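Have a look at the structure below, then the notes.
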Amino acid sequence: MSETWSESVFWAFLSGCGGRKCGHGVKPLQGFSTLIGPYHISKGHQDLSLSTSQAPLLRRAADWRHPESGEPFSTEDICRAIVCLLYVSSESSTAGVSNTILDLASNPEAYHKFREETGPILRAGRLDALVKDAYVHACVLESARMNVTALPVNREIKNKKHIGDYYIGDADVIAVCAEVLHNKKRAGDRFFDNPTDFRPERFLSSENGTKMMNPMVLMSWGAGLHICPGRNLAQMEIKIGVAVLLEHVDIDLPNIEIMGPTLFSNAALYQRDHKLNIKW
């Protein structure tokens, strides 16, 4: 399979689930878990009862034809695209686990509070309570805020020449750099107090009645119509991964060395090189 054909397989597989190259909304994942596998994919080529409402991602893949040759996707093509999707989803989640642990370990008060919060829940076998825990959720959001990549979030212009006081003109696309919006002093201060500090409390309601930060101001998983449809699953994976790891290891907090981030990672959350000592 040529490189061009491989790319067309992947992008056509994604794009038909709601629009342009990067897809739209949450529909691509509806019914996905019940229809993943070669048998169901093969069946999709023949069974027209496999409707868009049941499994839009696989329905689109089964119906797609190459614009020049008319050739359909093979079962192998579709399986490759699924593997690619699974890789992309796990890559951001593993970076989120790593970054959250590093941020907690770099802030001993938050580190100890997180372990005190999650330890009893894990020992009771209550993963449902773990993923709903407010402090755990706040830690994951705060780490995602601080570790978003520099790759911009792009939006097409729809019949607008101005956004607020800014003249857009004839631009086709506006790009928002989330890393600047979240972390840089002049921009970040408009939305986050002391944006360079790791403060999970900004996503919690305080006892004095201070309202928590709206999680939707985060650009780590996109926003609006194009927001990542798997963000809730990713956050759940990160919460469980961090809690389980910290339940079984002790980190030598005074001797952590964290190097600079890879700002232009192709994942939603960037990677940071680091050295730390752990004890099982």
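In my numbering, the protein residues as written are 34 to 313. We put the CB at the ideal spot given by N, CA and C, even for glycine. Computed from a predicted model, the values in this text were never measured in an experiment.
Cβ neighbour criterion (16 or more within 10 Å) applied to alanine 177: With 16 or more Cβ atoms within 10 Å of its Cβ, alanine 177 is classed as buried.
Extent of the continuous beta strand (DSSP E) run through valine 250: Taken as a continuous stretch (DSSP letters only), valine 250 belongs to no beta strand (DSSP E), as it is neither H nor E.
Burial state of glutamate 280 (16 or more Cβ within 10 Å): Flag for glutamate 280 reads exposed.
Start and end residues, beta strand (DSSP E) containing alanine 208: Start and end: 206 to 209.
Lysine 272 versus threonine 108 - alpha carbon distance: Their Cα atoms are separated by approximately 34 Å.
Of the listed residues Val213, Arg159, Glu189, nearest to aspartate 203 (C-alpha basis): Of the listed residues, the one whose Cα sits closest to aspartate 203 is Glu189.
Backbone secondary structure at glutamate 175 - three-state DSSP: Three-state result, glutamate 175: helix.
Backbone secondary structure at glutamate 101 - three-state DSSP: Glutamate 101 falls in the coil class under three-state DSSP.
Distance CB(valine 130)-CB(glycine 274) smaller than 7 Å: Their beta carbons are under 7 Å apart, which means valine 130 touches glycine 274 by this criterion.
Assumed close pair proline 228, alanine 143 - CB separation to whole angstroms, cut-off 8 Å: Contact check for proline 228 and alanine 143: beta-carbon distance about 16 Å, past the 8 Å limit, so the pair fails to qualify.
Inter-residue CB distance, glutamate 149 and aspartate 166 (contact presumed, cutoff 8 Å): The Cβ separation is near 11 Å, so there is no contact.
Leucine 214 versus lysine 191 - alpha carbon distance: The alpha-carbon separation between leucine 214 and lysine 191 amounts to approximately 23 Å.
Range of the contiguous alpha helix (DSSP H) that encloses lysine 165: Here the alpha helix (DSSP H) through lysine 165 covers 160 to 165.
Reduced DSSP secondary structure (H/G/I, E/B, other) of leucine 309: DSSP, reduced to helix, strand and coil, places leucine 309 outside both helices and strands of the structure shown, so it counts as coil.
Span of the alpha helix (DSSP H) around threonine 229: In the DSSP assignment, threonine 229 falls outside any alpha helix (DSSP H) and carries neither an H nor an E.
Proline 105 beta carbon less than 7 Å from that of leucine 286: In this structure, proline 105 does not lie closer than 7 Å to leucine 286 by Cβ.
Neighbour-count burial assignment, histidine 170, 16 or more Cβ in a 10 Å radius: It counts as buried.
Buried or exposed by the 16-neighbour rule on C-beta atoms within 10 Å, applied to glutamate 270: With 16 or more Cβ atoms within 10 Å of its Cβ, glutamate 270 is classed as buried.
Residue(s) in a DSSP beta bridge with glutamate 149: Answer is none; glutamate 149 lacks a bridge partner.
Exposure of proline 153, with buried meaning 16 or more beta-carbon neighbours within 10 Å: Its Cβ having fewer than 16 others within 10 Å, proline 153 is exposed.
Cβ neighbours of cysteine 261 in the same chain (closer than 6 Å, five flanking residues each side left out): Closer than 6 Å at Cβ, skipping near neighbours: Trp254, Gly255.
Proximity winner among Leu91, Trp313, Ser125, relative to isoleucine 115 (alpha-carbon distances): Comparing Cα positions, the closest option is Leu91.
Which residues DSSP lists as bridging arginine 188, in chain order: DSSP lists Ile207 as the beta-bridge partner residues of arginine 188.
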